[in-house]
Each structure stands twice: as C-alpha cells, then as structure tokens.
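Engineer: Residue numbers (UniProt numbering), protein chains in the order written: chain R, 1 to 231; chain P, 1 to 231. For every residue, glycine included, the Cβ atom is placed at its ideal position computed from N, Cα and C.
Number of protein chains: 2
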Amino acid sequence: MTAKRSGARSKRPQRISQWSQPAQEPRSEPPLSRERIVATAAELLDAHGVDGLTMRRLADRLGSGVMSLYWHVDNKEDVFDLALDAVLEYRGSPQTVQSQDWRGEVVHMLEDWRASMLRHPWSASLLPRRALGPNILSRLELLSKTLSRAGVADADLNVAIWSLWNYVMGATITRAGFDLSDDDRAAAQKRLEHLSERYPTIERCRLLLDDDWDGAFRKGLGFLLDGLSPK
Amino acid sequence: MTAKRSGARSKRPQRISQWSQPAQEPRSEPPLSRERIVATAAELLDAHGVDGLTMRRLADRLGSGVMSLYWHVDNKEDVFDLALDAVLEYRGSPQTVQSQDWRGEVVHMLEDWRASMLRHPWSASLLPRRALGPNILSRLELLSKTLSRAGVADADLNVAIWSLWNYVMGATITRAGFDLSDDDRAAAQKRLEHLSERYPTIERCRLLLDDDWDGAFRKGLGFLLDGLSPK
DNA sequence: CGATTGACTCGTACGACGTACGATGCAAAA
DNA sequence: TTTTGCATCGTACGTCGTACGAGTCAATCG
Numbered sequence: 001m002t003a004k005r006s007g008a009r010s011k012r013p014q015r016i017s018q019w020s021q022p023a024q025e026p027r028s029e030p031p032l033s034r035e036r037i038v039a040t041a042a043e044l045l046d047a048h049g050v051d052g053l054t055m056r057r058l059a060d061r062l063g064s065g066v067m068s069l070y071w072h073v074d075n076k077e078d079v080f081d082l083a084l085d086a087v088l089e090y091r092g093s094p095q096t097v098q099s100q101d102w103r104g105e106v107v108h109m110l111e112d113w114r115a116s117m118l119r120h121p122w123s124a125s126l127l128p129r130r131a132l133g134p135n136i137l138s139r140l141e142l143l144s145k146t147l148s149r150a151g152v153a154d155a156d157l158n159v160a161i162w163s164l165w166n167y168v169m170g171a172t173i174t175r176a177g178f179d180l181s182d183d184d185r186a187a188a189q190k191r192l193e194h195l196s197e198r199y200p201t202i203e204r205c206r207l208l209l210d211d212d213w214d215g216a217f218r219k220g221l222g223f224l225l226d227g228l229s230p231k
Numbered sequence: 001m002t003a004k005r006s007g008a009r010s011k012r013p014q015r016i017s018q019w020s021q022p023a024q025e026p027r028s029e030p031p032l033s034r035e036r037i038v039a040t041a042a043e044l045l046d047a048h049g050v051d052g053l054t055m056r057r058l059a060d061r062l063g064s065g066v067m068s069l070y071w072h073v074d075n076k077e078d079v080f081d082l083a084l085d086a087v088l089e090y091r092g093s094p095q096t097v098q099s100q101d102w103r104g105e106v107v108h109m110l111e112d113w114r115a116s117m118l119r120h121p122w123s124a125s126l127l128p129r130r131a132l133g134p135n136i137l138s139r140l141e142l143l144s145k146t147l148s149r150a151g152v153a154d155a156d157l158n159v160a161i162w163s164l165w166n167y168v169m170g171a172t173i174t175r176a177g178f179d180l181s182d183d184d185r186a187a188a189q190k191r192l193e194h195l196s197e198r199y200p201t202i203e204r205c206r207l208l209l210d211d212d213w214d215g216a217f218r219k220g221l222g223f224l225l226d227g228l229s230p231k
C-alpha cells in the first residue's frame with residue numbers, strides 16, 4: 001500500500017522542505033505566490049466544483065496571465081494536490097495530552113475530518129487518487145497512536161486503521177456526490193414509483209429518502225468501533 | 001438520500017423500459033447500437049482509464065463517425081452511466097433460495113461487488129457521483145433483505161446498509177486509486193525516510209507498505225459485521 | 001409509381017481546455 | 001555598465017465535447 005506520484009517538483013529553487021506549511025494570509029494584493037494560487041484555487045473549487053477550476057479562470061481571479069502560474073506550479077495536478085492538503089489540516093483536541101477516552105478522541109478526529117471534506121466537497125473524491133499529503137498523514141499517525149494506546153493488537157492495527165479510513169472516505173464521498181442543490185428530486189421521485197415493486201425492502205425502509213446523513217455516520221461509526229474494540 | 005441526474009433520455013423513441021437489460025453480444029460487426037457503444041466504452045475505460053475515454057476514440061474503435069454516437073446516446077455522461085451499470089451486474093449465490101448463513105451471503109455479495117469494481121477500476125470512483133442504476137439497486141435490495149431476515153432491527157437497517165456501502169466504496173476507491181503499475185515506488189520510498197521521524201507509528205506498523213488488500217478488506221468487513229450483528 | 005417520411009450517419013465548425021515555447025521586464029550582482 | 005537570475009505573460013498548438021445541418025436509405029403512403 002504505497003502512495004503515489006508527486007515526484008520531483010521542477011524548476012523553482014524548491015521550497016525549503018518540499019511540502020511546507022501551505023497557508024498564510026492572502027497578502028495585500030498582487031505578488032503571485034504559491035500560497036495565493038493554492039488559496040484561490042480552493043475558493044474556485046468551492047464555488048464551481050472540480051470541473052470549474054481552470055487555469056485560465058484561476059489566472060483571471062488572481063489578476064495574472066495564465067502562464068505566470070506555471071512558474072510557481074508544475075501543472076494543474078499540482079494545484080489539486082496542494083489545494084487538497086491545504087484543506088485537510090487538523091488542530092487536534094487541544095492540549096488534552098492524552099485523555100483515556102480514546103474512543104471519543106477517535107470519533108472527534110474522524111468527524112472533524114469528514115466535516116472538513118464536506119466543507120469542500122471536491123476534496124473527498126480527489127483524496128484517494130492523489131499522493132498522501134502531510135496533513136492527512138498526520139491524521140493517520142494520530143489515529144494509529146490512539147488505537148495502539150487503546151490496546152488494539154499490532155496485528156490488527158493496520159486493518160483497524162484502513163477500516164476507519166474506508167468508512168470515512170466512503171461515507172464522505174457518497175455524501176458529497178449526492179449534492180442537495182439540484183432539482184433531481186422530481187426524477188428521483190418518479191423513479192421511486194418503479195422501486196416499490198422491484199425493490200420492496202429498500203422502499204420499506206426508505207433507504208434513499210432518509211437524509212439524516214450526520215446521524216447515520218455517527219451511528220455507523222459507533223458500530224464499527226464496537227467491532228474494532230479490543231475484546 | 002436521493003439519487004441524481006438521469007433525467008429524460010432525449011430523442012430516440014426511448015427504449016422499451018427506460019433502462020432495460022444493458023448487455024447482449026457484440027453482434028456481427030457494423031450496425032451501431034447503444035449496446036455496442038456501451039460495451040466498447042467499457043473496453044476503452046479498462047484499457048486507458050477514465051481520461052482515456054473520448055468520444056473520438058470511441059467512434060474510431062466502432063468504425064463510425066463521432067457524431068453518429070450522439071444518435072444513440074445523449075452525451076458523454078450518459079456513456080459513463082451506462083457503462084457503469086453494465087459492469088455492476090450480480091448473479092447472486094445461485095439457488096440457495098435462502099440459506100440461514102446470512103453472514104456468508106452478505107460477505108459473498110460484497111466481495112463480488114468489490115471484485116467487479118476492481119476488475120474495472122474506473123467504476124469505483126464513478127459510482128458515487130452518478131445515479132444509482134438498476135444493478136446496484138438490486139444489490140442494495142438483496143443486502144436489505146438479507147440483513148432484515150438476519151434480525152437487524154428496522155431502525156438500524158439504514159445505518160447498517162450505509163455502513164457496509166461506505167466500507168466497500170471506501171476500500172475499493174482507495175485500492176483502485178493506488179494502482180500498482182507506476183514506478184512511484186521510488187518516490188514513495190524516498191518519502192518514507194522522512195516518515196520514520198515524523199510519523200513513527202505509521203512507520204512501525206508499516207501501514208503504507210502492507211499490500212494484502214484482500215485480506216485487510218475481508219478482516220475489516222468481519223469487524224464491521226461484528227459491530228452490526230443484532231445482539 | 002413517385003413523393004414523403006423518419007431513422008440513422010457524419011463532416012464541419014466553435015469555443016473551451018492544458019501547456020510548450022520564447023520574448024520581455026526588472027532587480028541585484030559583478 | 002553589464003550581466004544574471006527571477007518572474008511575468010502573449011501566442012500558438014493540439015485536444016476535447018458537441019451544435020448544426022446536410023446527407024443516405026428503407027419503409028410508408030397517396
């Protein structure tokens with residue numbers, strides 16, 4: 001299970017530590033910088049979705065020429081990687097150095113993770129196909145440490161971590177995919193008429209209509225942690 | 001929780017039942033048809049990935065003009081929807097009408113689902129952003145029925161189904177994202193040197209190096225089912 | 001039988017896109 | 001003053017999805 005891509009950042013004297021702290025403030029105004037590009041890219045992604053980010057639009061918004069971007073950034077993929085990691089920062093549960101409530105700590109981090117991704121719905125679907133940035137690795141490290149301290153056997157640790165990862169990613173991608181906005185409600189309803197005959201159980205429990213996503217996430221996470229808890 | 005899109009298939013006298021059985025055999029040769037288009041699209045997707053499917057390439061491979069495709073298909077999104085559902089068919093565990101081994105049945109269906117998606121790695125990342133086709137709905141129906149018969153309370157049924165969905169989707173998308181092929185191994189290894197200091201626990205349990213994806217999937221699924229089992 | 005229809009094919013063209021390739025400007029160093 | 005490097009950007013190329021309308025050909029109809 002290795003991460004991928006992100007080889008050799010080219011030209012530009014390389015930032016001090018390859019991937020350093022990504023964000024600062026937007027500055028006064030004009031001077032182009034990697035930070036400003038990334039921040040603006042994230043805004044554009046929030047506003048117009050994955051397909052709404054184009055190098056031309058990005059340059060427009062920054063008041064620069066399109067090709068100027070390529071001095072600070074390798075290519076569009078690079079912009080995605082940087083914007084993605086910028087959005088996944090975690091300031092842990094403050095200075096509760098190590099509470100004995102490992103379960104609460106795990107739930108807190110995972111719900112925060114999910115919330116961060118839902119605040120930027122493009123991020124969830126991007127994360128699994130990109131290299132793991134430092135911020136997401138920090139979350140994984142925290143998760144490992146907490147579970148380990150909680151008594152999960154080393155042999156089960158990887159499975160536990162990946163199970164939680166899978167659950168969170170699946171839940172968030174699904175949630176972000178079914179976005180509220182559109183008026184597909186009509187089409188969906190029309191489809192449901194056929195459903196009652198062909199998919200009676202789905203219909204009975206109203207699987208596709210329930211919209212308590214947050215509750216379902218929390219409850220399912222509880223079940224999963226029940227299964228993962230050291231016996 | 002509603003599905004989305006797939007409104008009004010335009011022109012073309014509409015297929016008998018809107019979404020009928022998608023596949024037949026590739027036919028002798030030339031006559032363009034929705035079935036042939038979808039099958040060829042799936043081949044192209046398997047061979048060249050999501051970005052490798054272009055309407056021009058598709059037409060080339062079919063020996064037709066590009067714009068001819070648009071008689072049978074609304075647009076490129078339509079092609080994705082159709083190809084996606086075509087790949088997700090499930091022929092259940094044969095005529096074990098209803099074994100009492102509900103757990104085995106669930107595991108079998110979910111592993112088959114995952115395997116189907118991994119056979120076509122583009123499918124996993126597409127599924128959450130598209131409308132739910134008939135084949136995936138059938139799987140959900142089967143899942144509902146089995147869990148319900150197993151004694152899962154109606155109040156927990158939705159949560160159980162979505163938890164399993166989330167787990168399978170997360171696992172499969174992640175797996176499909178980290179594709180084996182490339183030579184990023186070098187880059188990944190180089191990165192791991194920094195990791196030992198900054199992410200000791202990850203390093204210790206070799207989280208990113210373990211490549212027993214199948215085993216991890218099965219084991220984690222077991223834990224999740226433990227948590228979901230009616231007490 | 002000729003005219004009309006409708007199912008189907010496809011060439012051309014348009015406006016996007018990512019980005020390669022120099023040509024520029026401009027500060028600090030020599 | 002000249003040189004050097006960072007930083008900016010205009011132009012141009014090849015690719016994409018697809019709108020538009022002109023073509024083909026069999027079945028239908030008067």
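Does any residue of chain R bring its CB to less than 9 Å from the CB of D78/P?
Structural biologist: By this cut-off, D78/P is not an interface position.
Engineer: What residues of chain P sit near R129/R, judged by a beta carbon separation below 8 Å?
Structural biologist: Those are S125, G177, listed as they occur along chain P.
Engineer: Taking the alpha carbon of T54/P as the reference point, which residue from E105/P, R130/P, F80/P, P230/P has its own alpha carbon closest?
Structural biologist: Ranking the options by Cα distance to T54/P, first place goes to F80/P.
Engineer: For N135/R, tell me which candidate among L45/R, P31/R, I202/R, L84/R has the shortest Cα-Cα distance.
Structural biologist: Among L45/R, P31/R, I202/R, L84/R, the Cα nearest to that of N135/R is on L84/R.
Engineer: Would you call P230/R buried or exposed, if buried means 16 or more other Cβ atoms sit within 10 Å of its Cβ?
Structural biologist: Exposed.
Engineer: Using the C-alpha atoms, what's the distance from A160/P back to E25/P?
Structural biologist: Note that E25/P has pLDDT 32, beneath the 50 cutoff, so the model's placement of it is unreliable and the number below is only indicative. About 37 Å.
Engineer: Buried or exposed, going by whether 16 or more other CB atoms sit within 10 Å of the CB of M169/R?
Structural biologist: By the neighbour-count rule (16 or more Cβ atoms within 10 Å), M169/R is buried.
Engineer: Looking at the secondary structure, which residues open and close the alpha helix (DSSP H) in which G177/R lies?
Structural biologist: 154-177 is the extent of the alpha helix (DSSP H) around G177/R.
Engineer: Name the chain P residues that come within less than 8 Å of T54/R, Cβ to Cβ?
Structural biologist: Going along chain P, no residue has its Cβ under 8 Å from T54/R, so there is no contact; the nearest lies around 16 Å.
Engineer: Taking only runs of the alpha helix (DSSP H) that begin and end inside the segment 53-139 of chain P, which ones reach a length of at least 4 residues, in chain order?
Structural biologist: Correct list: 55-62, 69-72, 76-86, 102-119, 121-126.
Engineer: Is the CB of W102/P under 9 Å away from at least one CB in chain R?
Structural biologist: With 9 Å as the cut-off, W102/P does not count as an interface residue toward chain R.
Engineer: Have a look at D112/P and P121/P and give me their C-alpha separation to the nearest angstrom.
Structural biologist: One C-alpha to the other measures close to 14 Å.
Engineer: Of the choices R139/R, L126/R, E77/R, G104/R, whose alpha-carbon is the least far from that of R91/R?
Structural biologist: Cα-wise, what sits closest to R91/R is R139/R.
Engineer: Could you please give the first and the last residue of the uninterrupted alpha helix (DSSP H) stretch that includes D46/R?
Structural biologist: Its alpha helix (DSSP H) spans residues 34-48.
Engineer: Applying a beta-carbon distance threshold of less than 7 Å, which residues of chain R neighbour M117/P?
Structural biologist: Within 7 Å Cβ-Cβ: nothing; M117/P doesn't reach chain R, min ~12 Å.
Engineer: Of the choices K145/P, T174/P, D156/P, R204/P, whose alpha-carbon is the least far from that of A131/R?
Structural biologist: Looking at the Cα atoms, T174/P is the closest of the given residues.
Engineer: Along the chain, where does the alpha helix (DSSP H) containing residue 233/P start, and where does it finish?
Structural biologist: Because chain P here runs from 1 to 231, residue 233/P falls outside it and cannot be looked at.
Engineer: Contact criterion: CB-CB distance below 9 Å. Does L195/P meet it with respect to chain R?
Structural biologist: Chain R, which has a Cβ nearer than 9 Å to the Cβ of L195/P, makes this yes.
Engineer: Where do the ends of the alpha helix (DSSP H) carrying G151/R lie?
Structural biologist: Unbroken run through G151/R: none, as it is neither H nor E.
Engineer: Does Y90/R have its Cβ less than 9 Å from a Cβ in chain P?
Structural biologist: So no, Y90/R is outside the interface.
Engineer: Answer yes or no: does any C-beta atom of chain R fall closer than 9 Å to that of W113/P?
Structural biologist: No, W113/P does not count as interfacial toward chain R.
Engineer: Looking only at C-alpha atoms, which of K219/R, R218/R, S196/R sits nearest to L208/R?
Structural biologist: Comparing Cα positions, the closest option is S196/R.
Engineer: Just curious, the alpha helix (DSSP H) that K219/R is in, first and last residue?
Structural biologist: Run containing K219/R: 213-228, per the alpha helix (DSSP H) assignment.
Engineer: Below 8 Å on the Cβ atoms is my contact criterion, and I expect L137/P with Y199/R to pass it. Report the Cβ-Cβ distance as a whole number of Å.
Structural biologist: Between Y199/R and L137/P the Cβ distance is about 6 Å, and since that is below 8 Å, they are a contact.
Engineer: In three-state terms, what does DSSP make of P31/P?
Structural biologist: It is coil, neither helix nor strand.
Engineer: Is it right to say S33/R is buried, meaning 16 or more other beta carbons lie within 10 angstroms of its own, or is it exposed?
Structural biologist: Classification of S33/R: exposed, given that the 10 Å Cβ count is below 16.
Engineer: Within its chain, find whatever has a CB closer than 8 Å to the CB of I16/P; leave out the 5 residues flanking it on each side and keep chain order.
Structural biologist: With a pLDDT of only 35 at I16/P, under the threshold of 50, the placement of this residue in the model should not be trusted, and no figure is reported.
Engineer: Using a 10 Å radius around the Cβ and a threshold of 16 neighbouring Cβ atoms, would you call V38/R buried or exposed?
Structural biologist: It counts as buried.
Engineer: Output needed for L82/P: all residues of its chain with C-beta closer than 6 Å, excluding positions within five of it in sequence on either side, in chain order.
Structural biologist: Once the five neighbours on either side are set aside, the close Cβ partners of L82/P are V38.
Engineer: Give a yes or no on whether 9 Å exceeds the smallest Cβ distance from V159/R to chain P.
Structural biologist: At least one chain P Cβ lies under 9 Å of V159/R.
Engineer: W162/P and A171/R: beta carbons closer than 9 Å?
Structural biologist: Cβ atoms of W162/P and A171/R: closer than 9 Å.
Engineer: Rounded to whole angstroms, what's the CA-CA distance from L224/P to V73/R? Just pull it up for me.
Structural biologist: Using only the alpha carbons, I get a separation of about 42 Å.
Engineer: Could you tell me the distance, in whole angstroms, from the CA atom of L147/P to the CA atom of P31/R?
Structural biologist: Going by the C-alpha atoms only, they are around 59 Å apart.
Engineer: Answer yes or no: do V152/P and L221/P have a C-beta to C-beta separation smaller than 9 Å?
Structural biologist: In this structure, L221/P does not lie closer than 9 Å to V152/P by Cβ.
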